[in-house]
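*Asks:* The working numbering numbers the first residue of the sequence shown as 40 and each following residue consecutively.
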Amino acid sequence: MKAVYVLRCNGGLADLRTSLSYAINSALSSLIRLVPRIIDFHLLAGLSRFSTYSGYERYAKKQVFTVYYELPNSQARQQPPVNFLTITEQLSYENAPLIVVKPPGPKSQELLAEQSRLETQSAYYNKAFPFAIDSAKGSTIRDVDGNLFIDWISGMCVLNLGHNNPAVVAAVRSQEEKVWHTLETPTSVRIEFLKQIHSVLPGALKGAAKALFTVTGGDACEAAVGLARYVTKRSTIIAFQGSYHGGNQGIVSSTSNKKLLGMSGTLRQGVFHLPFPYSYRFPFPVEKKGDETKVLLEYLEGLLQDPHSGLDEPAGIIVEPIQCEGGYIIPPSDFLPGLREIADKHQIPLIADEVQTGFGRTGKFWASELTNTTPDIMCISKAMGGGIPVSMIAYRQEYDKSLPEMFRVGTYRANALALAAGAASIEYIKKENLLERAQTLGRKTKSAFERIADSSNIIGDVRGVGFMIGMELVESKETKKPAPEKTMKLRRYMFENGLLMQGCGHFGNVMRFMAPLTISESLLERGLEIFERGVKVVTGP
Ligand SMILES: Cc1ncc(COP(=O)(O)O)c(C=O)c1O
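1. Hey, quick one: how far does the alpha helix (DSSP H) through residue 220 stretch, first residue to last?
2. When we look at the beta-carbon of residue 437 and count the other beta-carbons within 10 Å, is it buried (16 or more) or exposed?
3. Could you have a look at residue 516 and say whether DSSP puts it in helix, strand or coil?
4. Less than 7 Å between the CB of residue 284 and some heavy atom of ligand 1, yes or no?
5. Going straight from the alpha carbon of residue 176 to that of residue 439, what length do you get?
6. Provide the residue(s) that pair with residue 312 in DSSP beta bridges, ordered along the chain.
7. Could you tell me whether any non-hydrogen atom of ligand 1 is closer than 7 Å to the CB of residue 543?
8. Specify the secondary structure class of residue 209 as computed by DSSP and reduced to three states.
9. Compute the distance between the beta-carbons of residue 447 and residue 251, then report whether it is under 8 Å.
10. Between which residues of its own chain and residue 240 is the CB-CB distance below 7 Å, once the five residues before and five after are set aside?
11. Less than 8 Å between the C-beta atoms of residue 400 and residue 506, yes or no?
12. Just reading off the alpha helix (DSSP H) that residue 129 is part of, what are its end residues?
13. Once you ignore the five residues that flank residue 364 on each side, which residues in its own chain have a CB closer than 7 Å to its CB?
14. If you drop the 5 nearest sequence neighbours on each side, which residues of the same chain put their C-beta closer than 6 Å to that of residue 515?
15. Could you check where the alpha helix (DSSP H) with residue 438 kicks off and where it finishes?
16. Return the Cβ separation of residue 467 and residue 200 in integer angstroms, given the expectation that the two are a contact with Cβ distance under 8 Å.
17. Closer than 7 Å to a non-hydrogen atom of ligand 1 - does that hold for the CB of residue 280?
18. For residue 474 versus residue 552, is the C-beta distance shorter than 8 Å?
19. Does the distance from the CB of residue 539 to the CB of residue 192 come in under 8 Å?
20. For chain C, check one thing: does any of its Cβ atoms lie closer than 8 Å to the Cβ of residue 427?
21. Could you pull out every residue in the same chain whose Cβ sits closer than 7 Å to the Cβ of residue 566, ignoring the five residues on either side in sequence?
22. Quick check: what's the CA-CA separation for residue 325 versus residue 317?
23. Using only the alpha-carbon positions, how far apart do residue 356 and residue 267 sit?
24. From the DSSP output, which residues share a beta bridge with residue 262?
25. If you drop the 5 nearest sequence neighbours on each side, which residues of the same chain put their C-beta closer than 6 Å to that of residue 323?
26. From the DSSP output, in three-state form, read off residue 595 for me.
27. So, helix, strand or coil for residue 100, using DSSP?
28. Should residue 255 be counted as a contact of ligand 1 given a C-beta to heavy atom distance under 7 Å?
29. Thinking C-alpha only, which one of 555, 417, 527 is nearest residue 574?
30. Is the separation between the beta-carbon of residue 481 and that of residue 362 shorter than 8 Å?
31. Classify residue 510: buried if its beta carbon has 16 or more other beta carbons within 10 angstroms, exposed otherwise.
32. By the 10 Å Cβ neighbour count, where 16 or more other Cβ atoms means buried, how is residue 328 classified, buried or exposed?
33. Quick one: using the 10 Å Cβ neighbour count with 16 as the cut-off for buried, is residue 493 buried or exposed?
34. Just to check, is the beta-carbon of residue 214 closer than 7 Å to a non-hydrogen atom of ligand 1?
35. Is DSSP giving residue 416 helix, strand or coil here?
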């Protein structure tokens, strides 16, 4: 008996191609697991059927294609035919969003109450999104009350490949049986990860950088700053207004948020904050949009040359190639290369904090690559471990020569499960062409947000690249007055209607799109509909 599988495609031609290869691969791998040999696997009339149906015209009209193919007999195939959706659809719960009870439903409320009884009241996300999670799949989350949400948060850009990506799960499972925790002793998974990460490092770092493992994004940034200080024997770090590099006592000085610093109980130490080229709210007059770089870099050059500027000899410049928590701010394209030039001229290590922008988020593997800039030190975390905490810095080899043993200490230096997830994630991004997907779909999504913004007076600015898109909410386009309450109201509306979206920005008035790079086009469209409705509701009559 042969089981017939159905592959349904409603994306573009590329999606169909990827879907086919994904379907074949997943079928093959499940066969390998269930029956040791693969016999007689073949595609039936699928492709020819596809070609008779196909044509770009029909694609443009969103024709749904059905491709049939057969798999050989096996006990495992006794199950009813599986409906293979597009590569991306099959990764998620199919019918999201689905609100069966207004969140938080009764079961969620019970768990939330227990949590607040037992856990710190300073926790944040349980208040921003008051529900309890049962499970998650791809770009969707199921709560304990049976509601299904579309996830445009990706665990804050940790789940670039979506929840429980099968390739990542398989890699973690296979490592799980071997070893988890090895301190700094090599394992094959550690070496495999190092080789994989080298294969994607930018410019001169590729194949030549040294890696130092840490645990969180903040740790990585702190290690980067520490390294820059150590090799230059200086202490002042240049950072930017609106920056976020972490909340630990050391790195919190580089983070610009005053409230965080205040709560940390430390004084800001050894950091000089410059304005970021934030076109929508730039503090200095410029002739036209884009001139911010020139103004800023001339200012910085002046500071460096003026013995009375108050800026001491810098140990490093730490910068997010795209500002993240600060409001998804894309600097003009000459900004990072200009900083690179100044850093070279004055021999200041340039640190790129790619904690949130890395691993394909922007449609390039690293946001620094958008402007062909190679940093001296790069901070990497979040999507690196696919949800298992791990981070690292990659830095110029010559910095390594002076480093003493135990320069950075810690028990957790690259958990083996996290590295298995990381290596599998890099492979998956390459194999599934996720960078191209993030570029193409990102452009499409940004256009959709721009269209919504055009017909609304409360979205003052839409900016973004790849799957990092920010919408800045204002009281009106004329006043540009930040509208944090409206932003929170919009977030709540979307949450109650099954779409998870998080804010950011200097004034908490930027909604950001950071869906998994694997999200299906249909989930994207459904999410956009909710967003558009929400904007209308929040705008009012
Ligand atoms: C750009 C950037 N750097 C550093 C961090 C800190 O990472 P972690 O929260 O893992 O310490 C974050 C976290 O959001 C971030 O976005």
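Virtual Cβ for every residue (Gly too), placed ideally from N, Cα, C.
*Replies:* The relevant details are as follows:
1. Taken as a continuous stretch (DSSP letters only), residue 220 belongs to no alpha helix (DSSP H), as it is neither H nor E.
2. exposed
3. coil
4. yes
5. 41 Å
6. 278
7. no
8. helix
9. yes
10. 248, 433
11. yes
12. Unbroken run through residue 129: none, as it is neither H nor E.
13. 283, 543
14. 496
15. 436-439
16. 6 Å
17. no
18. no
19. yes
20. Absent here is chain C; the protein component of the structure consists of one chain.
21. 189, 191, 538
22. 12 Å
23. 9 Å
24. Beta-bridge pairing links residue 262 to no other residue.
25. 334
26. No answer is possible for residue 595: the residues shown for the chain start at 40 and end at 580.
27. With a pLDDT of 32 at residue 100, under the threshold of 50, the modelled position of that residue is not reliable, and no figure is offered here.
28. yes
29. 527
30. no
31. buried
32. exposed
33. exposed
34. no
35. strand
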